[in-house]
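Okay, so the sequence shown: first residue is 185 according to this note's numbering, each after it adds one.
C-beta atoms are modelled at their ideal positions from N, C-alpha and C, and glycine is treated no differently.
Source: prediction; values computed, not measured.
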Amino acid sequence: MADYRPRAAERDSGRAAAVLVPVVGRADGDHLLFTERSPDLEAHPGETAFPGGGYEPEDADLAGTALREANEEVGIRPEETEIVGRLDDVPGPYGHVVRPFVARVPDRAYEPDRREVVEVVVLSAADLTDPSIYSVEERRNPEGETVDLPFFRVDGDVVWGLTGFILARFLSVVSPWKPPGGFPQHPLLDEGEQSRRE
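Here it is, written out as structure tokens:
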């Protein structure tokens, strides 16, 4: 992560948001921590996602946003979190721009806020690089347009959409993994910007 130079989006191109990409070290290798979002939430109900949300005025910066949201959603305390880098800003489907921060977090039991999170999901990074669990599938965006989105299916869990784009970038940065068939064209990036990110 230390050598990666992430691409930043223009800050006026959308509402600022951030997610934490929590990395849990275990004897059998690194794992990633996700949340299964409550089906009652207005945004992305029921999806498997990284903890995160929108920037608030009390946040010192977007890293502060990611840390605050991870603490609120999952109980990951800022003082036990080591941010080791960040990934490219990713435009979201509802007018926001998400900045992902990668962080080392302890391997312990977490207590999610049940109003937002049904459960904490921890998946092996090695399993996520298995080509057989990756696919690109068509979905309709909020404007009704058909777009190609990355999907990771492992152990009954499905990571896709915005989180799928972030996960694909993370895996390509920290390992030799590349998406089979290449990165799908992000629906909100032009082809020139997409190629500069690959």
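Close Cβ partners of residue i (< 6 Å) along its chain, the five nearest in sequence each way excluded
i      : result
Ala310 : Gly213
Val357 : Tyr188
Glu253 : Pro235, Gly236, Gly237
Arg319 : Going by the sequence as given, residue 319 is Ser instead of Arg. If we look at Ser319 and ignore the five residues flanking it on each side, its Cβ neighbours are Phe335.
Gly376 : With a pLDDT of 42 at Gly376, under the threshold of 50, the predicted position of this residue should be treated as unreliable, and no value is reported.
Val343 : Thr232, Phe336, Leu351
Thr249 : Ala202, Tyr239, Asp243
Arg298 : none
Gly366 : none
His317 : Inspection of the sequence shows that residue 317 is occupied by Ile rather than by His. Hits under 6 Å: Phe336, Arg337, Val338.
Supposed close pair residue i, residue j - CB separation, criterion 8 Å
i      : j      : result
Val274 : Phe234 : That pair is no contact at about 11 Å.
Arg270 : Pro290 : With a Cβ gap of about 20 Å, Arg270 and Pro290 do not count as contacting.
Thr232 : Leu251 : That belief does not hold up - the Cβ atoms of Thr232 and Leu251 are roughly 21 Å apart, past 8 Å.
Leu355 : Val282 : Actually they do not touch by this definition, with Cβ atoms about 17 Å apart.
Leu312 : Asp341 : With a Cβ gap of about 10 Å, Leu312 and Asp341 do not count as contacting.
Tyr294 : Ile260 : 7 Å
Gly209 : Arg292 : Not really, about 12 Å apart at Cβ, beyond 8 Å.
Tyr364 : Pro315 : As written in the sequence, residue 364 is Pro, which differs from the Tyr given in the question. Right, the Cβ-Cβ distance comes to about 5 Å (below 8 Å), so this counts as a contact.
Val286 : Val338 : No, Val286 and Val338 are not in contact; Cβ-Cβ is about 19 Å, not under 8 Å.
7 Å CB neighbourhood of residue i in its chain, flanking five on each side removed
i      : result
Ala186 : Gly269
Val258 : Thr219, Pro235, Tyr294, Pro296, Val301, Val304
Ala193 : Asp273, Pro275, Val281
Ser359 : Thr313
Arg353 : Leu271, Asp272
Asn255 : Arg261, Pro262
Where the beta strand (DSSP E) through residue i begins and ends
i      : result
Ala200 : 199-210
Phe218 : 213-221
Short CB-CB distance (under 8 Å) between residue i and chain B
i      : result
Arg288 : Reference to chain B is not applicable here, since this structure consists of a single protein chain.
Residues of its chain near residue i, where Cβ-Cβ distance is below 8 Å and the 5 sequence neighbours each way are ignored
i      : result
Val331 : Glu322, Arg323, Arg324, Asn325, Pro371
Glu362 : A small correction: the amino acid at residue 362 is Lys; Glu does not occupy that position in the sequence shown. Same-chain partners within the cutoff: Ser356.
Gly348 : Leu333, Pro334, Phe335, Phe336
Arg199 : Gly238, Tyr239, Gly279, His280, Val281
Arg380 : Here Arg380 scores only 48 on pLDDT, less than 50, and its place in the model should not be relied on; the value that follows carries that caveat. Arg191, listed in sequence order.
- Unbroken beta strand (DSSP E) runs of length 3 or more, entirely within the region 323-372: which are they? Within the region 323-372, the complete beta strand (DSSP E) runs of at least 3 residues are 330-338, 341-344.
- Scan the region 258-324 and note each continuous alpha helix (DSSP H) run of 4 residues or more that stays entirely inside, going in chain order. Within the region 258-324, the complete alpha helix (DSSP H) segments of 4 residues or longer fall at 309-312, listed in chain order.
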